[in-house]
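Take 2 as the starting number for the sequence shown in our numbering and just add one per residue.
Backbone N, C-alpha and C define an ideal beta-carbon position, used for all residues, glycine too.
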Amino acid sequence: MDIAYAYYPFTLRASDYVKRSGRSIESLLDGEFGKAVVRRAKERVIQAIKGEIKKAFGADDILAQVELFSYPFARIFVSCIGNYYLIRRYALAEAKAAYVHMRGEEPRFLEKLGREFNVQCALERRDFRIHFADYLKFASGMHDPKWKLVNRCLEDGCVLVTKEEFARLLQETIRDRIQSSLPLDVSPSLKKALSPHMAEISEHFEEMRAEFRSDEFEEVDSECFPPCIRHMLALIQAGQNLPHSARFALTSFLANIGMSAEEIIDVYRASADFDEEKTEYQVKHIMGSSGTVYTAPSCATMATYGNCFGKEQICEWVSHPLSFYRKKLYYSGEEDRSSAESSNAP
Ligand code: SF4
């Protein structure tokens, strides 16, 4: 087997190899090889939850095959949990793991990989010329000013990037491909067969989420809410009813920053159509009573549903209302610290 398939299992060639191998998902539920694959898939998802997928198969062909076949199983595990936040975290960890190896690849290999992702590029010695539309598609999500088009040299509609930068752009395309292809539709029988492994994954996921909720946002500070959320709260206070997508965004945001179900239900009391029982059901459902804990939608999704409102400067640097909140909390902490220092100054 070409060892590259194990490093880049999301490529069409790797997936073609898996299909042609004759090893179906069902057939891998039995036997020593299958057990090793499922074990590694579980480990892969847990590593993604912790932030880094580690690949350690060296030149061993069997281990490399286990690595490759564990990829579709990992996608199935992630789909069984079906949480959007996990999907994003998993896709990012897979893309980052690929980036680590892409940095050491020859430019010709990266050029070929880029073509698979329809990135129009041409090699110029060891650098790459990319069509600006492709560049913008993936660099626009990056916050470092060096990625801004105004800071790049544009020639004949193309942007020149180094090999490392090209690999970083490919990381974004890979993340995008993986994220947009999940969740998969998993049959109930396969879910059942994999359920003994799901508990451990769910446990790690919930641990991470608890950390995310309680450690990161110890106290709720409404002064730091993003404008979209403040707007929704203002509408409720004015006695207006929020559309479903806005209620979902508001509830999941408040839950993600650590507010209790009761506190969130109280927020809705001023709504013209407030119905305690219905609100309690909806809030608890979003908070995980059905087994899925929902994450607040990203800025892109908010914009799609017309819920991005009153953008402020911080909005230009974030892609998620939770990131806005995190940044604003940080800045307000900095301001408090500096005013405390100046008042203590002699
Ligand atoms: S950009 Fe994001 S954080 Fe800012 S208002 Fe729009 S949805 Fe909210």
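Taking 6 Å as the limit between beta carbons, can you name the residues of its chain near L255, skipping five residues before and five after? Counting only residues of its own chain and dropping the five nearest sequence neighbours on each side, L255 has a CB closer than 6 Å to the CB of I265.
With three or more beta-carbon pairs closer than 8 Å as the criterion, would you say the region 63 to 70 touches the region 184 to 191? Counting Cβ pairs under 8 Å, fewer than three are found: no touch.
Decide if E95 is buried, meaning its Cβ has at least 16 other Cβ atoms within 10 Å, or exposed. So E95 counts as buried.
Any 3 or more C-beta pairs closer than 8 Å across the region 200 to 207 and the region 103 to 118: No, the region 200 to 207 does not touch the region 103 to 118.
Is L360 buried or exposed, if buried means 16 or more other CB atoms sit within 10 Å of its CB? Outside the shown range of the chain, which is 2 to 347, sits residue 360, and nothing can be said about it.
Round the Cβ separation of A123 and Q172 to the nearest angstrom and send it over; I've been treating them as touching at under 8 Å. Wrong, their Cβ atoms sit about 20 Å apart, outside the cutoff.
Nearest CA to the CA of R169: which residue from S196, R126, L93? Here the closest residue by C-alpha is L93.
Would you call the CB atoms of I54 and R45 closer than 8 Å? Going by C-beta atoms, I54 is nearer than 8 Å to R45.
Taking C-beta to C-beta, are H132 and G115 nearer than 8 Å? No.
Is the beta carbon of F226 sitting closer than 8 Å to the one on Y326? One thing to note: F226 has its Cβ within 8 Å of the Cβ of Y326.
Nearest CA to the CA of P322: which residue from L236, S223, A262? Per the Cα distances, S223.
Grouping DSSP H, G and I as helix and E and B as strand, with all else coil, what is A123? In this structure, A123 counts as strand in the three-state DSSP scheme.
Which of the three DSSP states, helix, strand or coil, is assigned to C309? Note: C309 maps to coil in three-state DSSP.
Buried versus exposed call for L243 [16 or more other C-beta atoms within 10 Å across all chains shown]: The residue in question, L243, is buried, as its Cβ has 16 or more Cβ neighbours within 10 Å.
Can you look up C154 in the DSSP assignment and give me helix, strand or coil? Coil.
With respect to 7 Å, is the separation between the Cβ of F310 and the closest non-hydrogen atom of the ligand SF4 below this value? Proximity of the beta carbon of F310 to the ligand SF4 is indicated: a heavy atom of the ligand is located closer than 7 Å.
Kindly examine the ligand SF4 and report whether one of its heavy atoms sits closer than 7 Å to the Cβ of F226. No, the Cβ of F226 stays beyond 7 Å of every heavy atom of the ligand SF4.
Let me know the secondary structure DSSP gives V39 once reduced to three states. Note: V39 maps to helix in three-state DSSP.
For the region 86 to 142, which segments carrying the beta strand (DSSP E) assignment without a break, of at least 3 residues, lie completely within its bounds, in sequence order? Whole beta strand (DSSP E) segments, 3+ residues: 122 to 125, 128 to 132.
Applying the criterion that 16 or more other CB atoms from any shown protein chain within 10 Å of the CB defines a buried residue, is D267 buried or exposed? Answer is exposed; the Cβ neighbour count stays below 16.
Can you tell me whether DSSP reads L161 as helix, strand or coil? Three-state result, L161: strand.
Taking C-alpha atoms, which residue in A239, G240, P228 lies nearest to L251? Of the listed residues, the one whose Cα sits closest to L251 is P228.
How would you call Y86, buried or exposed, if buried means at least 16 neighbouring beta carbons within 10 angstroms? The residue in question, Y86, is buried, as its Cβ has 16 or more Cβ neighbours within 10 Å.
For the alpha helix (DSSP H) that R21 lies in, which residues bound it at each end? Residues 13 to 21.
Comparing alpha-carbon positions, which option in G240, E204, D3, M303 lies nearest S246? The shortest C-alpha separation from S246 is found at M303.
Three-state secondary structure (DSSP) at H321? Assigned with DSSP and collapsed to three states, H321 falls in coil, not helix or strand.
Quick check: does the Cβ of M303 come within less than 7 Å of any heavy atom belonging to the ligand SF4? Within the cutoff, so yes.
Could you pull out every residue in the same chain whose Cβ sits closer than 6 Å to the Cβ of Y8, ignoring the five residues on either side in sequence? For Y8, where only same-chain residues beyond five positions count, the Cβ hits under 6 Å are H102.
Would you tell me roughly how many angstroms separate the C-alpha atoms of P146 and N152, rounded to the nearest one? When rounded, the distance between both Cα atoms is 7 Å.
Let me know the secondary structure DSSP gives A273 once reduced to three states. Secondary structure at A273: coil, using DSSP grouped into helix, strand and coil.
So is V221 buried or exposed if we call it buried at 16+ other beta carbons inside 10 Å? Note on V221: under 16 other CB atoms within 10 angstroms of its CB, so exposed under the neighbour-count rule.
In this structure, how does DSSP classify V187 when only helix, strand and coil are distinguished? In this structure, V187 counts as coil in the three-state DSSP scheme.
Any idea what DSSP makes of S223, helix, strand or coil? Looking at S223 - three-state DSSP - the assignment turns out to be helix.
I'd like to check one pair, L195 with R76: are the Cβ atoms closer than 8 Å? No, the pair does not count as a contact, with Cβ atoms beyond the cut-off.
For the alpha helix (DSSP H) containing P73, list its first residue and its last residue. P73: member of the alpha helix (DSSP H) spanning 62 to 82, first to last residue.
Tell me where the alpha helix (DSSP H) around Q238 begins and ends. Taken as a continuous stretch (DSSP letters only), the alpha helix (DSSP H) holding Q238 covers 228 to 238.
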